[in-house]
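Okay, structure first, notes after.
Residue numbers (the UniProt record's numbering), protein chains in the order written: chain A, 1 to 429; chain B, 1 to 429; chain C, 1 to 429; chain D, 1 to 429.
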């Protein structure tokens with residue numbers, strides 16, 4: 001974001017456009033929660049999951065804390081304690097309410113949270129209709145950041161809703177009317193060649209990007225090959241059938257400890273019924289689609305699968321080299337599958353780089369050379385998480401299309417599985 | 001209950017009366033939940049707490065499992081999986097859904113649970129209007145057990161609601177219209193003398209009692225003295241002021257470990273604000289009433305207080321000897337305080353034996369000589385909990401009046417504090 | 001011990017005798033450790049176990065802390081820090097070194113500990129040769145307590161050594177020259193009848209007893225029957241074969257949780273090799289002796305076995321009634337089996353009441369009516385452990401014969417198994 | 001190691017030389033343990049620490065498992081169970097004895113372990129005097145690997161001995177005769193400039209290197225600056241005095257959680273006595289030397305310090321660029337300080353790159369492009385640990401001099417502190 005600070009003053013038309021976009025993004029969050037019952041909004045099914053009503057409030061809090069309070073004269077919070085309850089992890093902005101206790105709070109209830117949203121939305125409309133002149137640039141940059149933040153939470157909402165409903169032996173569907181997957185057969189993997197050399201990696205230019213995508217810098221990349229599509233459920237089943245989860249030589253030491261301690265024998269949400277594999281999806285329990293990309297695997301499982309397949313995961317630089325000249329097309333939130341699906345082949349260049357599943361890379365999430373976090377509390381957005389996590393690239397079936405780009409760095413701890421994460425193979429040329 | 005098996009066949013008038021009582025008890029449970037928001041019904045604030053909607057469903061399940069399924073021909077469950085979801089701990093009746101996960105289940109929602117209740121209520125009305133002749137006695141006994149069970153859960157509902165709301169920094173009141181405590185000054189403790197000898201302890205006769213209260217048997221009780229009232233908040237404050245929580249010599253070894261590990265320095269729900277003690281109650285946060293009985297203390301704290309005061313806790317036999325010729329009057333659920341209150345003195349015999357707070361006794365919860373649990377799954381009701389728990393006597397401000405009696409044995413693990421529990425002093429004569 | 005306070009001044013002959021006994025008891029502790037390697041002295045195999053060199057030092061510390069420091073003018077400790085390192089749990093006497101960390105301390109080494117013992121022994125000889133007149137009675141009482149304390153640790157040493165060596169896949173024997181078990185066939189259980197009534201329970205009179213055995217008081221005991229011998233390994237095998245560990249209806253709720261969480265399917269130290277049961281003993285791994293008493297079972301297992309056998313555990317009062325007129329004969333430390341063995345039948349009255357294995361009773365370890373702990377730090381000896389534990393009676397094959405009596409109350413938490421504990425059946429007459 | 005496979009057949013002189021080196025390295029391990037008491041050899045002070053006698057046995061096991069068993073005809077193990085007890089983590093070579101239980105095993109004792117060493121040494125002498133011709137090259141490579149492995153454990157032994165003795169309130173010195181630190185004043189940091197570009201990183205050529213140091217490959221490195229010496233205790237004290245441990249904005253999120261959960265306020269082994277900082281060293285407790293390099297800090301602390309100082313940690317490539325043309329001189333095991341010391345300034349190029357303390361880098365421990373682990377069980381040596389760890393460079397005061405080189409990659413989890421680890425600052429040019 002540091003680079004954005006040098007942008008010029010916004011025109012009125014830009015403000016209008018931004019307000020429009022603000023309303024659109026805000027509406028999408030509410031549309032995502034519309035199919036839920038009140039009770040569904042309250043559950044925290046594990047410490048990493050947040051209750052949907054917390055998400056709805058927190059993304060409003062972000063606008064209140066970083067825009068309304070500093071820039072809207074005379075702004076009155078709806079309830080001062082919300083600043084504590086809905087602060088996620090900004091230690092330099094008061095004391096966040098403990099994450100693992102978010103599911104212990106029944107009030108404010110769902111209706112109260114919507115009242116809070118309306119309160120913030122009205123005030124944001126006021127702010128954007130006549131922003132204080134000297135701060136207009138910073139305000140627009142922060143609004144954009146707030147919208148990108150809300151889009152991240154739209155994906156988190158869908159991940160968390162899936163996890164919450166999957167705890168329930170009733171196995172309720174989030175929506176029965178999701179768009180069904182196309183029936184497509186996936187051919188054997190074909191390899192695309194990429195020539196190495198010094199490459200420019202990271203974001204530069206006008207469009208929005210998170211601070212962690214900058215600065216654009218040079219990396220030396222060796223020649224490599226990348227598979228033309230994602231690994232499928234069918235391929236992953238072969239790995240399981242070959243004893244993949246029982247062969248220590250395929251696993252990182254931490255991974256081997258993890259699968260044994262947790263008793264993992266298959267991806268998250270897979271269930272065996274009547275001698276056939278099924279999968280819990282946002283449309284309820286479904287027979288496993290062998291041509292669809294494998295999803296809800298940890299980094300450890302992705303890494304072990306790649307080793308078993310005689311390949312490896314791509315580095316994030318390799319992935320970015322491959323993706324940088326591909327169009328941003330794919331199975332996103334707007335496709336309304338909310339589940340990865342098989343792709344139509346053949347395809348110019350590697351398919352499924354964007355959408356379907358986040359692709360685990362071989363790269364630890366660490367700062368780029370010369371990285372500088374944003375100033376103030378917003379500097380806590382990305383930088384402080386740069387330890388113990390791996391980078392994932394490309395977005396997934398729950399990511400809003402306008403949210404993703406080739407330089408986007410997502411990150412999760414290597415044992416996490418509730419995000420829509422899969423893998424693509426790479427190897428030396 | 002073993003003794004109930006010999007009762008005679010019920011008359012039709014008895015059935016009518018029972019159905020009336022059934023409706024009344026069932027209505028009370030719903031009245032208790034009426035002030036809650038939907039969201040409040042979903043929370044499990046610690047593993048020992050259950051979400052209110054789980055309570056509402058479980059007490060209906062009890063009638064389904066032990067009456068409708070065995071005795072009502074053609075009974076159809078509303079949803080077969082409820083038998084799994086709402087079984088609390090009856091291992092011999094299928095596999096109970098794991099207790100600690102009750103708060104992870106958003107469906108069935110509150111409205112569904114009420115539909116389940118109505119379904120059971122209709123079927124129970126059918127069963128009680130024309131019970132199969134040969135089982136009528138057993139049916140009536142089980143209905144009575146089911147109602148006593150529901151009354152236990154009425155108290156549990158209030159304990160759990162208090163705990164759920166107390167987690168919330170908003171400190172919401174369950175009800176703003178509860179009956180306020182009378183302003184009464186408590187005099188110094190006076191001691192009542194009781195002469196020892198062989199005494200009959202436990203339940204016998206026609207009325208209802210749980211299996212663990214039987215058989216009536218003889219115990220030798222030494223001469224003893226019992227305080228004329230409960231220990232007050234004011235007295236407990238003196239214990240705190242005297243360094244009670246910092247003096248290892250006052251504590252059982254397990255208690256000393258517990259208070260240090262948990263960081264306890266006062267009863268549960270006490271909070272210090274602006275240099276004054278307050279207490280979270282079902283009416284919200286209130287200044288501490290120094291004349292009211294101390295409440296929400298663990299056995300360890302009760303035991304340490306008694307040692308500090310140069311006294312001890314009564315044994316359950318001593319308590320029963322004192323209570324057996326006292327009228328069952330006191331501050332119960334029906335008093336609508338839902339909080340222990342000071343008592344009007346003087347009083348014939350010890351005051352506050354019934355109601356206000358459960359009184360920790362010095363006795364471990366173990367079977368009486370000759371104890372036999374009920375037959376079948378109902379045998380799991382009490383007997384299997386006879387380890388690691390202490391007996392409490394007398395009922396509390398959340399106990400329905402018709403539920404308590406002098407022989408009633410309540411039990412909790414010694415570190416538990418969320419029940420309405422306090423203490424009364426005893427000593428050698 | 002309160003009752004001991006009234007004893008008269010000791011004669012010189014008594015002092016001589018006490019010094020003799022002092023030397024004898026001290027020598028026994030060292031004889032117990034003689035077969036160990038230096039390395040064996042250092043291990044703490046679980047938090048409940050102490051390294052043998054810690055035991056050797058702690059039992060010397062007891063004499064230093066409670067006799068030498070208060071009563072021997074000019075006494076100089078060998079090292080002041082030992083007072084911290086070897087204080088077990090006397091919170092009112094300084095800060096005990098954390099129990100779970102005893103195995104992290106390599107120094108003082110074994111030779112240093114023996115130097116400490118000699119230092120204490122020399123000073124104790126000085127003290128006993130000319131005790132200050134006005135304290136002579138108290139000194140003699142404390143010496144006796146110190147010796148009883150050391151005898152308790154002799155049994156603990158053997159329990160702990162067994163546990164330490166049993167962790168080792170080499171399965172080393174503590175001693176290869178232990179006296180082998182007699183080959184004796186145990187007949188079916190026969191029942192002895194006991195008539196109920198008001199009975200006197202607990203210690204009174206001149207001999208030594210711990211404070212928790214007092215005061216002698218009355219209890220009402222119903223008629224009961226007691227088995228004529230302990231439950232055998234063969235009988236316990238039938239319980240296992242009958243699915244005892246898989247039937248929830250046989251278990252207390254806490255016991256059921258414990259065996260499932262810990263994965264218990266047999267007593268501690270049992271191992272299955274080549275389709276036959278073996279048992280780790282102080283003489284190494286041995287085939288299971290089906291006629292020997294079952295040992296190393298928890299209270300939960302003893303309780304479940306009794307339920308399976310259609311019987312129950314005796315209360316501690318019942319046990320004491322039965323034992324009070326039996327001679328104190330049995331398989332003790334001095335028998336040099338260090339393992340329970342089958343008994344020669346028939347027998348006047350119940351056999352094996354003393355020695356072989358501690359017998360779990362149905363009684364929680366709580367104070368007798370009118371109980372008063374010793375004054376000062378010694379009051380922490382017993383009283384503060386009176387929660388969460390069950391009483392065991394009768395001593396075992398590792399108990400010094402002179403240490404046990406009919407009123408002796410041992411106690412362990414219900415899940416503990418590393419002590420030599422078994423059971424005897426009781427039932428209603 | 002893959003690259004070593006192409007080396008030519010060894011000459012006899014090489015074998016002689018290797019045997020000589022074998023004896024020397026083996027003798028060093030025993031010299032390290034010579035000052036220990038038998039009891040010290042048994043302790044495992046935390047799961048990451050191993051008892052010294054385990055180290056002594058394990059480094060012998062390595063030769064048995066990977067050389068004697070496959071290549072010495074007729075080799076008889078001293079005890080077959082040692083193969084289980086002393087396997088550290090080679091899952092493909094039998095089942096390793098659980099790491100956290102190494103401290104529960106008193107036998108084999110210290111004398112037995114030395115017998116095992118002699119047994120292995122004799123057999124190794126046999127093998128090296130006439131190795132089977134067709135395997136001679138592989139044998140020599142494995143012997144070298146075994147010796148490098150033993151050198152790693154020499155450093156681990158010193159780390160573990162320090163940790164073991166530091167648990168003890170007696171604070172015993174490992175050796176009183178260690179060489180004292182020179183009294184040297186450290187000037188302010190000066191910065192060395194390094195010009196960026198494509199650089200070759202990693203090992204190539206004849207000498208020994210671990211597989212994880214290969215293959216040599218290109219990386220693009222930006223211009224950077226490196227401090228001319230390590231961060232000192234004095235500088236680190238300023239960080240503490242400035243509230244470093246209380247300012248969330250200086251810390252990675254995982255680091256902030258770690259220091260708060262563990263209660264860290266200073267490096268490991270620092271203690272405050274009489275208002276002055278002291279440090280537990282292998283020579284016992286010493287006043288903190290303000291000019292000596294700070295040591296025993298976690299990655300999180302190193303990272304937070306660097307942020308506080310307005311700088312950052314170097315990447316491992318940057319470090320290697322700087323070190324690759326520096327002589328391998330420094331404060332190593334052979335210097336006999338066994339503690340980092342101040343350096344004599346000025347210095348050609350950055351000082352203290354080798355020896356004193358391992359330098360935390362900013363780089364996660366991940367495979368180099370094209371990395372291939374060794375074949376078979378030896379492939380578990382490095383590769384499987386490539387997750388969740390950070391790279392450290394340069395060796396320390398406990399590293400044998402012949403063991404280190406500029407390409408050497410050490411790795412630890414970011415919260416680990418018991419290794420001799422400190423830091424050097426870097427920044428953008």
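Each residue gets a CB set at the ideal place from its N, CA and C atoms; glycine is no exception.
| query | So is residue 232 of chain B buried or exposed if we call it buried at 16+ other beta carbons inside 10 Å? | reply | The residue labelled residue 232 of chain B in the question sits at position 232 within the second chain. Buried, because 16 or more other Cβ atoms sit within 10 Å of the Cβ of residue 232 of chain B.
| Is it buried or exposed for residue 97 of chain C, if we count other Cβ within 10 angstroms and need 16 for buried? | Taking the first residue of the third chain as position 1, residue 97 of chain C is located at position 97. Result: buried.
| If you scan the UniProt domain "DinB-like" (22 to 155) of chain D from start to end, which runs of the alpha helix (DSSP H) of 4 or more residues do you find wholly inside it? | 52 to 63, 82 to 85 and 110 to 129
| field | C-alpha distance - residue 142 of chain A paired with residue 70 of chain A, whole-angstrom precision | value | Translated into the one-based positions of the first chain, residue 142 of chain A becomes position 142. Translated into the one-based positions of the first chain, residue 70 of chain A becomes position 70. About 11 Å.
| request: Take residue 412 of chain B as the anchor and find which of B/387, B/290, B/426 and B/103 has the nearest alpha-carbon. | output: Mapped onto the second chain, residue 412 of chain B falls at position 412. The candidate whose alpha carbon is nearest that of residue 412 of chain B is B/387.
| task | Starting from the C-beta of residue 401 of chain A, find all residues in its chain whose C-beta is less than 6 Å away, skip the five residues before and the five after it, and write them out in chain order. | result | Sequence index remark: in the first chain, residue 401 of chain A carries index 401 (1-based). Only 332 and 334 meet the Cβ criterion.
| field | Length at least 3, wholly inside the UniProt domain "Sulfatase-modifying factor enzyme-like" (196 to 342) of chain B: the beta strand (DSSP E) runs in chain order | value | 197 to 201, 217 to 221, 224 to 227, 270 to 273, 276 to 281 and 284 to 287
| field | Amino acids of chain C, ordered along the chain, whose beta-carbon sits closer than 7 Å to that of residue 135 of chain D | value | Mapped onto the fourth chain, residue 135 of chain D falls at position 135. Within chain C, no residue comes near residue 135 of chain D; the closest Cβ sits about 32 Å away, beyond 7 Å.
| query | Grouping DSSP H, G and I as helix and E and B as strand, with all else coil, what is residue 160 of chain A? | reply | Residue numbering aside, residue 160 of chain A sits at position 160 when the first chain is read from its first letter. DSSP places residue 160 of chain A in helix when its eight states are reduced to three.
| query | So is residue 418 of chain A buried or exposed if we call it buried at 16+ other beta carbons inside 10 Å? | reply | Here the question's residue 418 of chain A lines up with position 418 in the first chain. The residue in question, residue 418 of chain A, is buried, as its Cβ has 16 or more Cβ neighbours within 10 Å.
| field | Per-residue burial, residue 195 of chain B [other beta carbons within 10 Å of its own, 16 or more giving buried] | value | By 1-based counting over the second chain, the position of residue 195 of chain B is 195. Classification of residue 195 of chain B: exposed, given that the 10 Å Cβ count is below 16.
| request: Taking a Cβ distance cut-off of 8 Å, strictly less, list which residues of the segment 95 to 124 of chain A are near chain B, in chain order. | output: 97, 101, 103, 104, 105, 106, 107, 108, 109 and 110
| Rounded distance between the beta-carbons of residue 102 of chain B and residue 52 of chain B, thought under 8 Å | Numbered from 1 along the second chain, position 52 holds the residue referred to as residue 52 of chain B. Numbered from 1 along the second chain, position 102 holds the residue referred to as residue 102 of chain B. Going by Cβ atoms, the distance from residue 52 of chain B to residue 102 of chain B rounds to 11 Å, so no, they are not a contact pair.
| Cα separation between residue 347 of chain B and residue 201 of chain C? | On the second chain, residue 347 of chain B is found 347 positions in, with the first residue counted as 1. On the third chain, residue 201 of chain C is found 201 positions in, with the first residue counted as 1. If I take the Cα positions, the gap works out to 37 Å.
| How big is the Cα-Cα spacing for residue 351 of chain C and residue 345 of chain C? | The residue given as residue 351 of chain C occupies position 351 in the third chain. The residue given as residue 345 of chain C occupies position 345 in the third chain. About 8 Å.
| query | What first and last residue would you give for the beta strand (DSSP E) that runs through residue 371 of chain C? | reply | Residue 371 of chain C sits at position 371 when you count from the first residue of the third chain. Note, residue 371 of chain C: premise wrong, no beta strand (DSSP E); not H, not E.
| task | Please look up how many angstroms separate the CB atoms of residue 295 of chain D and residue 157 of chain D, rounded, as I've assumed it's under 8 Å. | result | Translated into the one-based positions of the fourth chain, residue 295 of chain D becomes position 295. Translated into the one-based positions of the fourth chain, residue 157 of chain D becomes position 157. Wrong, their Cβ atoms sit about 17 Å apart, outside the cutoff.
| request: Check whether the Cβ of residue 256 of chain A lies closer than 9 Å to any Cβ atom in chain D. | output: Residue mapping note: residue 256 of chain A aligns to position 256 of the first chain, counting from 1. Residue 256 of chain A counts as touching chain D.
| request: Look at the Cβ atom of residue 355 of chain C, then the Cβ atom of residue 325 of chain C, and state whether they are nearer than 9 Å. | output: Translated into positions along the third chain, residue 355 of chain C becomes position 355. Translated into positions along the third chain, residue 325 of chain C becomes position 325. No, Cβ-Cβ distance for residue 355 of chain C and residue 325 of chain C is not below 9 Å.
| said: Taking the straight line between their C-alpha atoms, what separation do you get for residue 131 of chain B and residue 155 of chain B? | reply: Position 131 of the second chain holds residue 131 of chain B. Position 155 of the second chain holds residue 155 of chain B. If I take the Cα positions, the gap works out to 30 Å.
| query | Roughly how far, in whole angstroms, is the beta-carbon of residue 42 of chain D from the beta-carbon of residue 106 of chain D, given that I think they are within contact range, below 8 Å? | reply | Within the fourth chain, the letter at position 42 stands for residue 42 of chain D. Within the fourth chain, the letter at position 106 stands for residue 106 of chain D. Indeed they touch by this definition, with Cβ atoms about 6 Å apart.
| request: Anything in chain B within Cβ reach of residue 62 of chain C, meaning under 9 Å, just list it in chain order. | output: Walking along the third chain from the start, residue 62 of chain C turns up at place 62. Correct list: empty, because the minimum Cβ distance to chain B is about 18 Å.
| task | Report buried or exposed for residue 39 of chain A, applying the criterion of at least 16 other Cβ atoms within 10 angstroms of its Cβ. | result | The sequence position of residue 39 of chain A within the first chain is 39, counting from 1. So residue 39 of chain A counts as buried.
| query | What does a CB cutoff of less than 8 Å around residue 244 of chain C pick up in its chain, not counting 5 residues either side in sequence? | reply | Counting from 1 along the third chain, the entry for residue 244 of chain C is found at position 244. Contacts found: 250, 304, 305 and 308.
| chain C residues whose Cβ lies nearer than 7 Å to that of residue 156 of chain D | For this step, residue 156 of chain D is matched to residue 156 along the fourth chain. Those do not exist, as residue 156 of chain D stays about 17 Å from chain C at its closest Cβ, beyond 7 Å.
| message | On the DSSP bridge list, what partners appear for residue 391 of chain D? | response | Taking the first residue of the fourth chain as 1, we reach residue 391 of chain D at position 391. DSSP, once it has assigned bridges, lists D/411 as partnering residue 391 of chain D.
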